[in-house]
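Chains as they are written, first to last, in this note's numbering: chain A, 1 to 310; chain B, 311 to 739.
Structure (structure tokens):
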């Protein structure tokens with residue numbers, strides 16, 4: 001890390017605007033917090049008196065829980081607002097909701113929203129720090145960071161690795177954050193999936209778009225699989241899960257093409273037997289539950305850093 | 311009748327008469343006077359030294375929002391914005407509430423325009439309620455004052471309906487203006503490409519436009535009818551129109567200042583004032599549009615002036631409505647093409663005045679003696695920053711606000727006087 005480095009981000013809106021030093025620093029901070037979750041009394045007073053709002057306009061189990069656990073282990077006061085209980089159902093605009101919440105002086109707002117760019121917009125209307133917990137098909141920066149943390153934990157580095165990302169690259173905000181993050185850290189990213197699910201312009205980012213599973217996975221250090229959805233808004237993206245599983249599913253055979261010490265990852269929830277076969281998901285190379293564990297640590301680090309404690 | 315005006319020492323650019331020289335221009339009784347006319351004693355003098363005196367600008371594609379959405383714009387505010395931008399006439403699209411698909415709505419628009427600061431030429435809908443199933447009554451609409459028909463905002467999906475519209479419009483000497491987009495491909499919110507991938511926004515591929523542009527050209531070509539393609543945004547469409555013109559197809563086309571000025575990079579930061587339909591495209595498309603303006607593929611520059619309030623624009627990008635206001639920035643953005651060597655001054659006047667008048671079949675586009683005195687006086691050198699306080703339109707949805715203040719070069723060139731029928735409708739303070 002460059003000398004004189006300091007963490008300067010008010011909000012965490014995406015990976016795109018984080019430098020390699022920022023990513024390094026966040027992961028290092030997360031690693032220092034990880035041990036708290038292993039203590040018998042899992043609580044430190046770091047964020048005592050801070051008000052943190054989980055504003056979730058989309059269903060989420062693990063991300064919301066992970067942020068809430070992270071906040072509580074730091075002794076912050078947390079409040080959950082989900083779409084069904086919010087004024088959104090009464091027709092209030094996001095900006096009005098934000099201004100009203102802002103008037104109650106929260107320190108941090110964690111936003112999950114189905115529209116890309118919603119956290120970016122929110123950050124312009126509130127005094128609180130905003131953390132993007134997934135926006136539309138844009139980014140999911142805390143997931144990208146926990147994925148990188150997990151890889152660093154096992155590989156002891158984040159550069160010069162071959163990262164294979166398989167599946168729905170077009171709609172996956174996780175894939176977008178991972179692609180930008182791993183590229184930023186100096187690794188190579190290879191993607192493979194059906195043509196209907198590969199967005200345009202990836203090559204311009206420096207991604208290798210593969211024409212076969214073998215090309216993508218061969219000698220990979222990490223094989224990241226993504227949750228698949230059969231259709232979105234009546235757009236015929238895939239003929240069937242059956243065909244997807246046979247052509248694009250990660251089987252034990254596919255996994256064997258990667259390096260023997262390759263990591264198998266998935267951001268969850270998994271469609272077992274579709275994008276990832278159960279034996280691979282539960283196999284020795286799988287670090288899927290490590291990802292979940294590290295998620296809490298990364299989110300503790302993010303809350304700590306945006307609350308001005310860097 | 312307004313007092314006679316003597317515009318002194320301006321550079322008169324009048325392509326219709328192949329005239330380009332410094333000369334005085336006299337306006338008497340709302341019309342351009344013969345140069346030999348004696349100067350009346352009550353003449354009001356306007357000093358146009360260092361300025362261009364050109365036929366009044368005509369914007370053949372605007373949305374005035376009246377009736378129905380007067381909180382965004384109305385005919386009086388929209389024509390004030392037009393006058394401020396140097397326009398003496400506009401053609402207004404029919405997607406009002408209710409849709410201008412009837413004599414009643416066309417009459418209402420014309421009656422509201424009686425005291426407006428620009429001439430208003432209504433464009434009526436092609437189909438009833440712009441729903442794309444049954445033709446409107448072209449004959450009655452024409453007789454009431456509509457100059458063209460279009461379902462602008464909603465592409466005509468049904469090719470048979472489009473065919474019938476071209477055939478039937480010809481009987482009534484009405485222009486058909488096509489919003490050419492294939493709806494099944496155009497359900498995104500910005501151009502499809504690296505920027506949409508980075509922002510996680512759903513893209514609209516270039517093919518959405520070119521497929522429909524080609525369908526419309528094919529219909530016009532097979533039927534021998536004329537068609538006008540609105541707001542062209544892509545390189546592919548430009549090529550299709552260029553080659554159709556070379557084959558003698560009766561096709562004319564317009565593009566908008568934002569397509570030759572901005573690219574989809576303007577969307578970065580989820581800027582809803584960079585959201586329009588068709589969307590801002592890539593640099594390659596922008597260059598192709600400029601080439602099309604230079605080589606005559608495009609006949610007109612039209613703004614697609616689309617006022618929206620903050621209710622439609624200060625929202626999540628996906629939920630924001632399409633369109634930007636354009637009447638007040640069209641001239642400076644177009645003048646940049648002259649400074650950058652894409653167009654000469656005469657060609658610019660053709661694109662902004664002569665050709666729109668000819669395509670719409672309306673008076674204007676000339677400074678001939680006896681012509682209606684619709685005149686714009688342009689100071690091509692004046693540099694300024696367009697700020698929210700300056701906006702004349704009721705809505706402020708422009709991506710060109712504060713340019714100059716934000717690092718980009720400021721706007722250069724603007725209308726210092728706009729004169730409609732001899733009456734001064736705008737004078738730069």
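Think of the CB as a built atom: it goes at the ideal place given N, C-alpha and C, for glycine as much as any other residue.
Nearest to residue 4 of chain A by C-alpha distance, out of A:110, A:22, A:237 and A:260, is A:22.
For the stretch 574 to 600 of chain B, the set of residues with a beta-carbon nearer than 8 Å to any beta-carbon of chain A comprises 579 and 580, in chain order. It is roughly 32 Å from the alpha-carbon of residue 659 of chain B to the alpha-carbon of residue 515 of chain B.
For residue 538 of chain B, the uninterrupted beta strand (DSSP E) run begins and ends at 537 to 539, by DSSP. Interface flag for residue 448 of chain B against chain A is unset, since no Cβ pair is found closer than 8 Å.
Per DSSP, the unbroken beta strand (DSSP E) holding residue 55 of chain A starts and ends at 51 to 56. At a cut-off of 8 Å between beta-carbon atoms, residue 58 of chain A makes no contact with chain B. Assigned with DSSP and collapsed to three states, residue 548 of chain B falls in helix. Just measuring C-alpha positions, the residue of A:159, A:195 and A:45 sitting nearest residue 239 of chain A is A:195. Excluding residues up to 5 positions away in sequence, 535 and 536 lie with their Cβ nearer than 8 Å to the Cβ of residue 480 of chain B in the same chain. 502, 503, 504, 505, 506, 507, 508, 509, 510, 511, 512, 513 and 515: these are the residues of the stretch 501 to 528 of chain B whose beta carbon lies less than 9 Å from some beta carbon of chain A, given in chain order.
Contact annotation: residue 428 of chain B and residue 399 of chain B have beta-carbon atoms nearer than 8 Å.
When DSSP states are grouped into helix, strand and coil, residue 736 of chain B belongs to the strand group. Nearest in C-alpha terms to residue 50 of chain A, of all of A:180, A:235, A:128 and A:91, is A:128. A direct Cα-Cα distance of roughly 35 Å separates residue 38 of chain A from residue 98 of chain A.
For residue 297 of chain A, there is no enclosing beta strand (DSSP E); the residue is found in the alpha helix (DSSP H) stretching over 288 to 306. Residue pairing for residue 320 of chain B: DSSP places it in a beta bridge opposite B:333. Between the beta-carbon of residue 669 of chain B and that of residue 485 of chain B there is about 6 Å, and that keeps the pair under the 8 Å contact cut. Residue 625 of chain B belongs to the set of residues whose beta carbon lies under 8 Å from a beta carbon in chain A. When 8 Å is used as the limit between beta carbons, residue 629 of chain B is near these residues of chain A: 115, in chain order.
Restricting attention to B:373, B:451 and B:455, the CA atom closest to the CA of residue 424 of chain B is found in B:455. In this structure, DSSP gives residue 285 of chain A a state outside helix and strand, which the three-state scheme calls coil.
Every unbroken stretch of the beta strand (DSSP E) spanning 3 or more residues and falling wholly within the stretch 88 to 132 of chain A is given here in chain order: 108 to 113. Contacts between residue 128 of chain A and chain B, judged by CB atoms closer than 7 Å, are missing: the closest CB pair is about 18 Å apart. Within the stretch 93 to 106 of chain A, 93, 94 and 95 place their CB atoms closer than 9 Å to a CB of chain B, listed in sequence order. The three-state secondary structure of residue 725 of chain B, taken from DSSP, is strand. Close to chain B, meaning a Cβ-Cβ distance shorter than 8 Å, are the following residues of the stretch 180 to 202 of chain A: 199, 200, 201 and 202. Residue pairing from DSSP places residue 485 of chain B in a beta bridge opposite B:458. Runs of beta strand (DSSP E) with 3 or more residues, each lying fully within the stretch 155 to 190 of chain A, are found at 162 to 166, listed in chain order. The residues 448, 449 and 452, in chain order, have a CB closer than 7 Å to that of residue 482 of chain B in the same chain once the five nearest residues on each side in sequence are set aside. For residue 686 of chain B and residue 726 of chain B, the gap between their C-alpha atoms comes out near 8 Å. Partner residues in the beta bridge of residue 730 of chain B, as assigned by DSSP, are B:733.
Contacts with chain B at 8 Å (Cβ-Cβ) do not include residue 10 of chain A.
The Cβ neighbour count for residue 139 of chain A, taken over all protein chains shown within 10 Å, is at least 16; the residue is labelled buried. Distance from residue 426 of chain B to residue 385 of chain B at the Cβ level is roughly 6 Å; contact confirmed, criterion being Cβ atoms closer than 8 Å. As a beta-bridge residue in DSSP terms, residue 682 of chain B pairs with B:341.
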